[in-house]
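Take a look at the structure set out below.
There are 2 protein chains.
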Amino acid sequence: MNFKEELLNAHKRILPYIHQTPVLTSHLLNDLAGAELFFKCENFQKMGAFKMRGAANAILQLSGAQKLKGVVTHSSGNFAQAVSLAAKSCGIKAYIVMPKNAPKVKKEAVIGYGGIVIESESTPVAREQKAEEVVNETGATFIHPSNDIPVIIGQGTATMELLNLHPNLNFVLAPVGGGGLIAGTALAAHYFGKNCQTIAGEPLKVNDAYRSFKSGVIESNESTNTIADGLRTQLGTNNFPIIQKYVSDIICVSEPEIIEAMKLIWERLKIVVEPSSAVAFAAVLHDKIRFKNKKIGIILSGGNVDLANLPF
Amino acid sequence: MNFKEELLNAHKRILPYIHQTPVLTSHLLNDLAGAELFFKCENFQKMGAFKMRGAANAILQLSGAQKLKGVVTHSSGNFAQAVSLAAKSCGIKAYIVMPKNAPKVKKEAVIGYGGIVIESESTPVAREQKAEEVVNETGATFIHPSNDIPVIIGQGTATMELLNLHPNLNFVLAPVGGGGLIAGTALAAHYFGKNCQTIAGEPLKVNDAYRSFKSGVIESNESTNTIADGLRTQLGTNNFPIIQKYVSDIICVSEPEIIEAMKLIWERLKIVVEPSSAVAFAAVLHDKIRFKNKKIGIILSGGNVDLANLPF
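The listed protein sequences derive, respectively, from chains A and B.
Quick note: the first sequence, position 14, residue 183 per our numbering, numbers continuous.
Quick note: the second sequence, position 221, residue 390 per our numbering, numbers continuous.
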């Protein structure tokens, strides 16, 4: 597959369906980090997260026959909303498998974007089975939140936009959870940067990607006990080889480091980002020596937070 | 005084010292309000609030002899930081009279921007006396946070920028506290809008401006018990006549209305604004019938909040 061409085509394809989000800077945060930081604000993306890019890119490539039957995914987070909104924008149905015990507010958000909520038991296996059932019953096309190539490519377009504005970045950092964003980011940095290294930030408490990166096989997490709720998932068979090939390193950060980075972003950039978004910035602060005086792009992945449940 | 010319000159004068802040929109908030909303994001202004505009405009008009002796103001809020930063940008001294019991974080912020903190007792009278003492001792020029004409004119430049992008606004709304922002806003709307009405939002609990507007004399507040901590002050002799002449109405909003409006801005625009900033949007939601289908500019005045002390 010609990833460079795929990325270029994806960006053209999704442009009418996404925001070209702004890039923010802060003298104070630069001073604090000892580096020059460029924050790519996907919290301002449609539905509030980068996931819109990958969902739109996957849905827009369906055939007419596939579009008639709709799409299905399992997610209780941003990808559920992204698929719902992207499908609605294309006039097609979106079936979203969500665990019975998912918060009401998340189900309502999906319904608000036009998605059809299908309840399942809450185990990963039960959710996958239910999604399969929906595929069999409706003929809808299954879209994986982080492991489908069109999704991975779509997520990479955020970094393309960032490099278009700031072509000389030395590093681009993004959080790693399921692996779709970091794989897309790494491809974009490889094909559109000038020796731009991609580094992932990961919560120490769910550092399956770090361990996978070291061991060479996809590892799992035993607990999901991190505030960065978007990063509790594990890598997939499609994105892992891309990560192995194109990501330079994965930096693990503690929960207090994530919260401190999130607080700095809120206080200094005056923007609302979700905890997962703060992980990449936390990684920069964790390893200041490596990043000293470098130009660094940071993907702020999303801004969908529960204000009633903040860590400060 | 030719206010139109003053506004134009002020904008040119301060442009190297301020950010031309972005204007954000949201389909969802438009639907909720039943109107077309344009949020002027002064939370992204230097030091985090519109106050930078007025402080810069006042300081930049000082004579060379005045600049040598510096400036003095009394404020424990955004104006203290604004004067400190604007003075620093011009290479002059700023003496900031702050109550002894002001939070340490606020004193540190002023010092961080290069201001010299002078402590006083916490009553308004003691603060004014201390400022007078500093004037007598140092020869510094006193700048009032909301009642000096150059400050009022400087604050109006936010609305000039907004109308430059969106010339056909039917209304522009801003919060009213000391009266500097709303007076400047009203002048800008009068001279640069097309029949653009200026309306103030004010917390019901400190509605001195509303009562002054109705009675024709400057009224005071008996309590300062509102979450909108930037709006506890009262009108001044210079801004009140401007408000009487150019402001169409003042809408009072309750504390729950302010908190709800603030929450909507955080959740939907993904930006951090201080409670005072939410008052103008709360006023739009308070009187939906008046604003139905209108184009409305809303000045989001600032983003300096204490994250450890949020209302949700």
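Positions of the beta carbon are idealized from the N, C-alpha and C atoms, including for glycine.
On a predicted model such as this, the values are computed, not experimentally measured, just so you know.
E497(A) in three-state terms, based on DSSP: Since the first and last residues shown for chain A are 170 and 481, residue 497(A) lies out of range.
CB of G370(B) within 8 Å of CB of A452(B), strictly: Position 201 of the second sequence, counting from 1, holds the residue named residue 370(B). Position 283 of the second sequence, counting from 1, holds the residue named residue 452(B). By the CB criterion at 8 Å, G370(B) and A452(B) fall inside the cutoff.
Pairwise C-alpha distance: A327(A) and V320(A): Here the question's residue 320(A) lines up with position 151 in the first sequence. Here the question's residue 327(A) lines up with position 158 in the first sequence. Straight-line Cα distance between these residues: approximately 12 Å.
Selected residue, minimal CA-CA separation from G466(A), among P344(A), Q413(A) and A309(A): Your numbering for residue 466(A) matches position 297 in the first sequence. Looking at the Cα atoms, P344(A) is the closest of the given residues.
Cβ pair L342(B), I368(B) closer than 8 Å: Position 173 of the second sequence, counted from the first residue, corresponds to residue 342(B). Position 199 of the second sequence, counted from the first residue, corresponds to residue 368(B). Here L342(B) is near I368(B), since their CB atoms are less than 8 Å apart.
Neighbour flag for E436(B) against chain A, beta carbons, 8 Å: Here residue 436(B) refers to the residue found at position 267 of the second sequence. So, interface residue.
Distance between Y360(A) and K173(A) (C-alpha atoms, nearest Å): Here residue 173(A) refers to the residue found at position 4 of the first sequence. Here residue 360(A) refers to the residue found at position 191 of the first sequence. Rounded to whole angstroms, K173(A) to Y360(A) spans 6 Å at the Cα level.
Contact list for V476(B) against chain A, beta-carbon separation under 7 Å: Start at 1 with the first residue of the second sequence, and residue 476(B) comes out as number 307. Here residue 476(B) is Leu; the residue named in the question, Val, does not match the sequence. K432, W435, E436 and F481, listed in chain order.
Chain A contacts made by the segment 210-235 of chain B, where a contact means CB separation under 9 Å: C210, N212, F213 and G217
Interface flag, V192(A) vs chain B, CB-CB below 8 Å: In the first sequence, residue 192(A) corresponds to position 23, counting from 1. So, not an interface residue.
Partners in chain B for K439(A), counting only beta-carbon separations shorter than 7 Å: Here residue 439(A) refers to the residue found at position 270 when the first sequence is read from its first residue. In chain order: N212, F213, G217, I440, V441 and G472.
Exposure of H196(B), with buried meaning 16 or more beta-carbon neighbours within 10 Å: By one-based count along the second sequence, residue 196(B) stands at place 27. When all chains shown are included, H196(B) counts as exposed.
Anticipated Cβ contact below 8 Å, D488(A) with P444(A), distance rounded: In the structure as shown, chain A begins at 170 and stops at 481. Residue 488(A) is therefore absent and cannot be evaluated.
Alpha carbon of L356(A) to alpha carbon of N407(A), nearest angstrom: The sequence position of residue 356(A) within the first sequence is 187, counting from 1. The sequence position of residue 407(A) within the first sequence is 238, counting from 1. Spanning the two alpha carbons is a distance of roughly 13 Å.
Distance between I419(A) and Q324(A) (C-alpha atoms, nearest Å): As a working mapping, residue 324(A) is identified with position 155 in the first sequence. As a working mapping, residue 419(A) is identified with position 250 in the first sequence. The alpha-carbon atoms of Q324(A) and I419(A) are separated by roughly 18 Å.
Coil, strand or helix - T367(A) by DSSP: Along the first sequence, read from residue 1 onward, the residue named residue 367(A) stands at position 198. Strand at T367(A).
C259(A) to I228(A) span [Cα, whole Å]: Reading the first sequence from its first residue, position 90 is the one you call residue 259(A). Reading the first sequence from its first residue, position 59 is the one you call residue 228(A). Taking the straight line joining both Cα atoms gives about 8 Å.
Pair within 8 Å by beta-carbon distance, Q250(B) and V279(B): One-based indexing of the second sequence puts residue 250(B) at position 81. One-based indexing of the second sequence puts residue 279(B) at position 110. For Q250(B) and V279(B), yes; Cβs fall inside 8 Å.
Whole-Å CB distance - K432(A) paired with F382(A), under 8 Å assumed: Residue 432(A) sits at position 263 when you count from the first residue of the first sequence. Residue 382(A) sits at position 213 when you count from the first residue of the first sequence. Approximately 28 Å separates the beta-carbon atoms of K432(A) and F382(A); this is outside 8 Å, ruling out the contact.
Rounded straight-line distance, which links the Cα of R459(A) to that of D475(A): Locating residue 475(A) in the first sequence gives position 306, counting from the first residue. Locating residue 459(A) in the first sequence gives position 290, counting from the first residue. Taking the straight line from one Cα to the other gives about 34 Å.
Coil, strand or helix - H359(B) by DSSP: Within the second sequence, numbered from 1, the residue matching residue 359(B) stands at position 190. Three-state DSSP puts H359(B) in a helix.
The segment 231-243 of chain A / the segment 307-321 of chain A touching (three or more Cβ pairs under 8 Å): yes
Range covered by the beta strand (DSSP E) that runs through E205(B): By 1-based counting over the second sequence, the position of residue 205(B) is 36. Its beta strand (DSSP E) spans residues E205 to C210.
Contact under 8 Å by Cβ, E436(A) with I396(A): Residue 436(A) sits at position 267 when you count from the first residue of the first sequence. Residue 396(A) sits at position 227 when you count from the first residue of the first sequence. No, they are not a contact pair.
Bridge partner(s) assigned by DSSP for K464(B): Counting from one through the second sequence, the residue named residue 464(B) turns up at place 295. Note: K464(B) sits in a beta bridge opposite E205(B).
Buried/exposed call for L471(A), threshold 16 Cβ in 10 Å: One-based indexing of the first sequence puts residue 471(A) at position 302. Position check: residue 471(A) holds Gly in this sequence, whereas Leu was assumed. It is buried - the Cβ of G471(A) has at least 16 other Cβ atoms within 10 Å.
Option in P191(B), I351(B) and L201(B) with minimal Cα separation from K220(B): The residue given as residue 220(B) occupies position 51 in the second sequence. That would be I351(B), whose Cα lies nearest to the Cα of K220(B).
Alpha-carbon to alpha-carbon, P410(B) and L198(A): Residue 198(A) sits at position 29 when you count from the first residue of the first sequence. Residue 410(B) sits at position 241 when you count from the first residue of the second sequence. If you take the alpha carbons of L198(A) and P410(B), they lie about 42 Å apart.
Between the CA atoms of V274(B) and V266(B) - distance to the nearest angstrom: Reading the second sequence from its first residue, position 97 is the one you call residue 266(B). Reading the second sequence from its first residue, position 105 is the one you call residue 274(B). So the alpha carbons of these two residues sit roughly 15 Å apart.
Cβ distance (whole Å) where G405(A) is taken to contact G347(A) below 8 Å: Residue mapping note: residue 405(A) aligns to position 236 of the first sequence, counting from 1. Residue mapping note: residue 347(A) aligns to position 178 of the first sequence, counting from 1. About 7 Å separates the two Cβ atoms, so the contact holds.
Contact set for P191(B): own chain, Cβ-Cβ below 7 Å, skip 5 residues either direction: Within the second sequence, the letter at position 22 stands for residue 191(B). C210 and F213.
Distance, G246(B) Cα to E288(B) Cα: As a working mapping, residue 288(B) is identified with position 119 in the second sequence. As a working mapping, residue 246(B) is identified with position 77 in the second sequence. When rounded, the distance between both Cα atoms is 14 Å.
Cβ-Cβ separation, Y264(B) to T307(B) (assumed contact under 8 Å), whole Å: By one-based count along the second sequence, residue 307(B) stands at place 138. By one-based count along the second sequence, residue 264(B) stands at place 95. Here T307(B) really is in contact with Y264(B); their C-beta atoms are around 7 Å apart, less than 8 Å.
F219(A) in three-state terms, based on DSSP: As a working note, residue 219(A) is residue 50 in the first sequence. Residue state, collapsed to three classes: coil.
Inter-residue CB distance, A204(A) and K461(A) (contact presumed, cutoff 8 Å): The count along the first sequence starts at 1 and reaches residue 204(A) at position 35. The count along the first sequence starts at 1 and reaches residue 461(A) at position 292. Confirmed, about 6 Å.
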